[in-house]
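Asks: full-length UniProt numbering puts the first residue of the sequence shown at 1, with every later residue one more than the last. Attaching a single structure in structure tokens format; questions to follow.
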Amino acid sequence: MLKIAVGQAGGPTSVINASLVGFVDGLPDQTQIYGIMNGYQGLVENDLELIEGSGLDWLRSHKNVPGACLGSGRYPFTPDSITKAVLNLKERDIHTLVFIGGNGTMAALQKMSEAAASMNYELQTIGIPKTVDNDLSGTDHAPGYASAARYVSLSVRDISKDLEAMRNFEQVRIIETMGRNAGWLALAAGLLKQSEFEGPHMICVPEVPLSKERFLAQVQDIVKENGMATIVVSEGVTFDGDSQVQREVVKGRAVLGGISTEMERLIRMNMGMTVRSENLGMNQRCAVWAISDQDRTEAYEVGNEAALYVKKGMSNVMVSIQRNQVIGYNYKLKSVALEHVANDGERLLPQEYISRPAEFYSWLEQLIGDRIMRYPPMWRRRAFDDLIQHQPEFRRSQ
Numbered sequence: 001m002l003k004i005a006v007g008q009a010g011g012p013t014s015v016i017n018a019s020l021v022g023f024v025d026g027l028p029d030q031t032q033i034y035g036i037m038n039g040y041q042g043l044v045e046n047d048l049e050l051i052e053g054s055g056l057d058w059l060r061s062h063k064n065v066p067g068a069c070l071g072s073g074r075y076p077f078t079p080d081s082i083t084k085a086v087l088n089l090k091e092r093d094i095h096t097l098v099f100i101g102g103n104g105t106m107a108a109l110q111k112m113s114e115a116a117a118s119m120n121y122e123l124q125t126i127g128i129p130k131t132v133d134n135d136l137s138g139t140d141h142a143p144g145y146a147s148a149a150r151y152v153s154l155s156v157r158d159i160s161k162d163l164e165a166m167r168n169f170e171q172v173r174i175i176e177t178m179g180r181n182a183g184w185l186a187l188a189a190g191l192l193k194q195s196e197f198e199g200p201h202m203i204c205v206p207e208v209p210l211s212k213e214r215f216l217a218q219v220q221d222i223v224k225e226n227g228m229a230t231i232v233v234s235e236g237v238t239f240d241g242d243s244q245v246q247r248e249v250v251k252g253r254a255v256l257g258g259i260s261t262e263m264e265r266l267i268r269m270n271m272g273m274t275v276r277s278e279n280l281g282m283n284q285r286c287a288v289w290a291i292s293d294q295d296r297t298e299a300y301e302v303g304n305e306a307a308l309y310v311k312k313g314m315s316n317v318m319v320s321i322q323r324n325q326v327i328g329y330n331y332k333l334k335s336v337a338l339e340h341v342a343n344d345g346e347r348l349l350p351q352e353y354i355s356r357p358a359e360f361y362s363w364l365e366q367l368i369g370d371r372i373m374r375y376p377p378m379w380r381r382r383a384f385d386d387l388i389q390h391q392p393e394f395r396r397s398q
């Protein structure tokens, strides 16, 4: 009888459970499915549970539920813990290991495969892609990203509309997104922008160096032109090559956050404007109302494809979404070597998307779905122009 261990690792997404259900639905009957509790930690600590009968019904009921129903989290995967994980699988006679995750998950799967081979233990390893940051190599995009991008674009548009109404009182809002070293989520904030006068007026991504002097000059120019500025910044952005702003370090991993607060302080000290900073927070990866139908469909499909790889005996591979370059949106699922994914590292924003955002938005709009209310354009009337003219000259400290 086929025995399989499957787990979820890293930060959850709003559609990660759809991938798990797709995988389980695609497995042959009579397969013994062991759920790995709490990601790689459960694998190392031998916390695996046989899921059958009502347990499978319970698992399938999470198809449209955010979070990770098996538990996820982060765990430092040392050589000793990798060896222990392989021994735990060997103890149960499990020869197939499947994980849903991002860069770190795929790298860990590759290490598991190498460790098992060195121990003369046959182990089939398959990765199912997942990340809200979209920094996973080997795939056009990863399930989870489109829904997060949809949330960011909708939220930033609405926050900017609110600021538009309050611009005689408040001039600047700075909105921080997830993304670590890649600006895919931050750049998505501008997808629904319909004119140059609407927010976001500035998007800062980690791939582009930023100086404090240039930042302040841009803010002043934007406010003089529009009477307000909505600024979006990825959590991994740095000023003048400094270190990324960290909230804390948990289990050896830096938890980023706070660059928006630093920007707020900088503007307040140097320009005397009314400014506030906001963090879009965890809703980016768990807001059910913002889920993209296309994202959920693809999440299920990559899980189902992974089950097909199990039946075909494929190993050391990750399911990849490959976009066909034709009119409209078409894609196919292919396998890509885990080694390739691990060696390529983080997938950053291509330069062409940074310099020509319209190309990026054309790429993105097919993923986030069409159930979006379109707002009327901003009304540029004379009273508004007078408002700008009577704004005080903003001071700059020397």
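No residue lacks a Cβ here, since even glycine has one placed at the ideal position from N, Cα and C.
How far does the alpha helix (DSSP H) with lysine 111 in it extend, from its first residue to its last?
Replies: 103 to 118
Asks: In three-state terms, what does DSSP make of valine 44?
Replies: helix
Asks: Do arginine 347 and serine 147 count as a contact pair if the criterion is CB distance below 8 Å?
Replies: Taking 8 Å as the cut-off, the Cβ atoms of serine 147 and arginine 347 do not count as close.
Asks: For asparagine 88, collect the residues of the same chain with a Cβ closer than 6 Å to its Cβ; drop the 5 residues on either side in sequence, then sort them by chain order.
Replies: Closer than 6 Å at the Cβ level, and outside the excluded window around asparagine 88, lie Asn46.
Asks: Residues in the same chain with beta-carbon distance under 6 Å from glutamate 305, minus the five sequence neighbours each way, listed in chain order, please.
Replies: Val319, Leu333
Asks: For leucine 43, which residues in the same chain have their Cβ closer than 6 Å to its Cβ, ignoring the five residues on either side in sequence?
Replies: By the criterion of a C-beta distance shorter than 6 Å, leucine 43 is surrounded in its chain by Ile36, Ala85, once the five residues flanking it on both sides are discounted.
Asks: According to DSSP, simplified to helix, strand and coil, what is glutamine 218?
Replies: helix
Asks: Drop a sphere of 10 angstroms on the beta-carbon of lysine 130, count the other beta-carbons inside from all chains shown, and report buried for 16 or more, exposed for fewer.
Replies: buried
Asks: Helix, strand or coil for methionine 273 per DSSP?
Replies: coil
Asks: Around the C-beta of glutamate 393, are 16 or more other C-beta atoms found within 10 angstroms, so that it is buried, or is it exposed?
Replies: Low per-residue confidence applies at glutamate 393: pLDDT is 41, beneath 50, and the placement is therefore not dependable, though the value from the model is reported in the following sentence. Result: exposed.
Asks: Since I believe alanine 299 is in contact with proline 143 (beta carbons under 8 Å), could you give me their beta-carbon distance rounded to a whole number of angstroms?
Replies: 4 Å
Asks: In the DSSP assignment, what residue or residues form a beta bridge with valine 233?
Replies: Glu176, Cys204
Asks: I believe glutamine 32 touches leucine 50 by the beta-carbon criterion, under 8 Å. Please report the beta-carbon distance rounded to the nearest angstrom.
Replies: 6 Å
Asks: Going by DSSP, which residues form a beta bridge with residue 405?
Replies: Outside the shown range of the chain (1 to 398) lies residue 405, about which nothing can therefore be said.
Asks: Helix or strand or just coil, what does DSSP make of asparagine 17?
Replies: helix
Asks: Does serine 397 come out as helix, strand or coil in the three-state DSSP assignment?
Replies: Note that serine 397 scores a pLDDT of 33, beneath 50, so its modelled location is shaky and nothing firm can be said.
Asks: From this set, Met119, Asp93, Thr96, Arg173, which residue's C-alpha is nearest proline 79's C-alpha?
Replies: The residue among Met119, Asp93, Thr96, Arg173 with its C-alpha nearest the C-alpha of proline 79 is Met119.
Asks: Can a CB atom of chain B be found closer than 8 Å to the CB of glycine 26?
Replies: Of the protein chains in this structure there is only one, and it is not chain B.
Asks: How is tyrosine 151 classed by DSSP in three states: helix, strand or coil?
Replies: helix
Asks: Kindly indicate which residue of Leu266, Pro12, Ala117, Thr105 has the alpha-carbon position closest to the one of glycine 345.
Replies: Thr105
Asks: Helix, strand or coil for arginine 347, going by three-state DSSP, please let me know.
Replies: Three-state result, arginine 347: coil.
Asks: For methionine 228, which residues from the same chain have a beta carbon less than 6 Å from its beta carbon, with the 5 sequence-adjacent residues on both sides left out?
Replies: Leu163, Arg167, Gln171
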